[in-house]
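Colleague:
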Amino acid sequence: ADISNLCNEAAINAARRKAESVSLDDFENAVDRVIGGLESNKIMSHHERAVVAHHEAGHAVAGWFLKHTDPILKVSIIPRSSGSLGFAQYLPNEVSLRTQEQIMDTICM
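Be aware that the sequence shown starts at 1333, since it is given in the working numbering, and climbs by one per residue.
Encoded structure:
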C-alpha cells in the first residue's frame, strides 16, 4: 500500500508540474508527503525554527557518532500536518534481531 501511495503522490506531483513523466524529485517530494504528511502553513518564529533545527541536527549528530544506528538519509525542518515541526529520516538496516547495544544506540538517538 505504501508503494502505491508513493507512486500516486509522485504522479500527482508530476501532473501539477504539467510534466510528461515522473521525475526523481517527484518521488522525493512524495516520500516526504507520505511519511510526514502535508506541509503545514504553521508560521514559526525565527527562534522556533532555530530550536527545531538544533533539535533535528542533534539527531543527525548523535546518529553519526553512535556505532549501531541506521544511517541518516534526510533532515527537514518543514512543519507537517502530522504535527511534527521537523523530522529526521533514516535508511533502515534490514535487521530483524538487534543486540542490547544496538537498541541502546537507537534509543539514544
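No residue lacks a Cβ here, since even glycine has one placed at the ideal position from N, Cα and C.
Since this is a predicted model, take the numbers as computed values, not measurements.
(1) Measure the C-alpha to C-alpha separation of S1377 and I1410 and round it to an integer number of angstroms.
(2) Measuring only the C-alpha atoms, how far is F1359 from W1396?
(3) Could you spell out the range, first to last residue, of the beta strand (DSSP E) harbouring V1354?
(4) Hey, how far is the Cα of Y1422 from the Cα of D1334?
(5) Determine the contact status of V1384 and G1418, defining contact as a CB-CB distance below 7 angstroms.
(6) Put I1439 into one of helix, strand or coil per three-state DSSP.
(7) Residues in the same chain with beta-carbon distance under 7 angstroms from K1374, minus the five sequence neighbours each way, listed in chain order, please.
(8) The alpha helix (DSSP H) with L1338 in it runs from where to where?
(9) V1383 lies in the alpha helix (DSSP H); which residues open and close that run?
(10) Tell me whether E1388 is buried or exposed, calling it buried when 16 or more other Cβ atoms sit within 10 Å of its Cβ.
(11) Going by beta-carbon coordinates alone, are S1372 and S1413 separated by less than 7 angstroms?
Modeller: Let me lay it out:
(1) When rounded, the distance between both Cα atoms is 13 angstroms.
(2) 26 angstroms
(3) Run containing V1354: none; DSSP gives neither H nor E here.
(4) 17 angstroms
(5) The Cβ atoms of V1384 and G1418 sit closer than 7 angstroms to each other.
(6) helix
(7) P1411
(8) Unbroken alpha helix (DSSP H) run through L1338: 1334-1348.
(9) 1378-1397
(10) buried
(11) yes
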